[in-house]
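Right, one structure below, let's go through it.
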Amino acid sequence: MLKKIIIAIDGPAGSGKSTLAKKIAEKLGFMYLDTGAMYRAITAEAIKNNTVDDINNVIKISRNADLRLFPRNGKTEVFINGRDVTTEIRSIEVSSKVSEVSVIPEVREELVRMQRLIAADQNVVVEGRDTTTVVFPNADIKVFLKADIEKRAERRLKDFNEMKAGLNISDIKKNIIKRDKIDSEREVSPLKKAKDAIEIDTSNITVDEELDIILKKVKEIKSVEN
Ligand code: DC
C-alpha cells in the first residue's frame with residue numbers, strides 16, 4: 197500500500213492558506229484539515245459560556261469538547277458539543293480572542309493530539325501556524341505562505357463582506373497585526389517558517405500558479421516512491 201501523504205501549510209492570517217489547501221485537497225482528493233477552525237471553535241464555545249478570559253475553563257472546554265469537522269462543498273462545517281459554529285467562528289469577536297486562546301499550552305496539546313489522530317489514516321492537506329513545525333514535523337511537503345499586509349487585509353475584508361459583517365479595512369488590519377504578533381511571539385509553537393518549507397509569496401501570483409508548485413512537488417515524491 198502507498199504511504200499516506202501529508203502536505204502541511206503554515207502562514208499568517210490572510211496569506212492564502214485555506215484557498216490553496218482547499219484547491220490541493222480538491223485536485224488530489226485529500227482530506228482538508230483547517231486547524232485554525234479548531235482553535236476558533238474552542239474560542240466560540242468559551243465566549244458563549246462567558247469564560248473566554250478564564251484559562252482553566254478554556255482548558256476544560258478543550259479537554260471535554262466534542263469537536264467535529266465536516267468538509268462539505270468546499271467549506272468546513274464545524275460543530276462543537278453538537279452546536280453548528282461554522283459561521284460564528286469567523287466573526288470578529290472570535291477573531292479577536294482566538295490568538296489568546298491559542299497561547300494556552302494545554303489547549304494546544306489537546307488540539308494537536310486530535311489533529312494527529314485525524315491524519316493518521318488518510319492523505320491530508322493541513323493548514324495552520326505550527327503544522328509544519330510541531331504537529332507534522334515529518335510532513336512530506338511543507339509550505340510557508342506569506343503576503344503583503346495590504347493584500348492580506350483585502351482578502352479578509354472580502355470574507356467579512358460575504359458575511360455582511362460591516363467591517364472596514366483599518367479594523368481588519370489592526371486585528372491581523374495584533375494576531376500576527378501574538379501568533380509569532382508566543383512561547384509555545386510560534387508561527388515560524390520550518391527550515392525545509394517551500395516559501396511562497398502569494399501577493400502577486402494566482403492560486404493556480406501556487407497549485408502548480410505543489411503538484412510538481414507531489415510528482416517528485418511519487419516518482420521517488422515508485
Ligand atoms: O488560520 P486562522 O486565522 O483561522 O487561525 C485562527 C487563529 O488560531 C490564529 O490566529 C492562531 C490560531 N492557530 C494556531 O495557533 N495554530 C494553528 N495551527 C492554527 C491556528
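Note that the sequence shown ends on residue 422 in the numbering used here; no numbers are left out.
Glycine residues also receive a C-beta, built at the ideal position from the N, C-alpha and C atoms.
Bear in mind the structure is a predicted one, so any value in this text is a computation, not a measurement.
Beta-carbon proximity of residue i to residue j, cut-off 9 Å
i: A393; j: D206; result: yes
i: E395; j: K389; result: yes
i: A343; j: G210; result: yes
i: E289; j: I243; result: yes
i: T239; j: V308; result: no
i: A326; j: L411; result: Ala is not the amino acid found at residue 326; the sequence shown has Asp there. For D326 and L411, no; Cβs fall outside 9 Å.
i: V274; j: L265; result: yes
One or two residues paired with residue i in a DSSP bridge
i: I158; result: Here the chain covers residues 197 to 422 and nothing more, so residue 158 does not appear.
i: E395; result: F340
i: R279; result: I276
i: D206; result: G324, F340
Among the options, the one whose alpha carbon lies nearest that of residue i
i: I203; options: S366, N319, R352; result: N319
i: L313; options: K213, M227, S211, G210; result: M227
i: F340; options: K213, K200, R352; result: K213
i: P301; options: Y235, S419, I201, I220; result: Y235
i: P267; options: V254, V248, N260, D230; result: D230
i: Q311; options: S287, P333, T282, D408; result: P333
i: R352; options: A335, K338, D336, N371; result: N371
i: T282; options: G362, E241, T327; result: E241
i: K347; options: S366, D336, K219, A361; result: S366
i: F356; options: L263, N252, R286, S385; result: R286
i: E406; options: I220, V254, E381; result: I220
i: S258; options: S385, S291, V299; result: V299
i: K199; options: G270, A315, N260; result: A315
i: T435; options: N245, N364, I345; result: Since the first residue shown for the chain is 197 and the last is 422, residue 435 is missing from the structure and cannot be characterised.
i: D376; options: S291, D317, N269, N246; result: S291
For residue j and residue i, believed in contact at Cβ under 8 Å, the rounded distance
i: K403; j: T272; result: In the sequence on display, residue 403 carries Val and not Lys. Not really, about 18 Å apart at Cβ, beyond 8 Å.
i: E323; j: A237; result: That pair is no contact at about 15 Å.
i: V414; j: I337; result: 7 Å
i: I368; j: A349; result: 5 Å
i: I276; j: I417; result: About 35 Å; that fails the 8 Å criterion.
i: S385; j: R304; result: 6 Å
i: V248; j: V297; result: 7 Å
Query raised in the report: Quick one: complete alpha helix (DSSP H) runs, 4+ long, within the stretch 314–375?
Result: 345–358
Query raised in the report: If you scan the stretch 226–276 from start to end, which runs of the alpha helix (DSSP H) of 4 or more residues do you find wholly inside it?
Result: Correct list: 231–244, 251–260.
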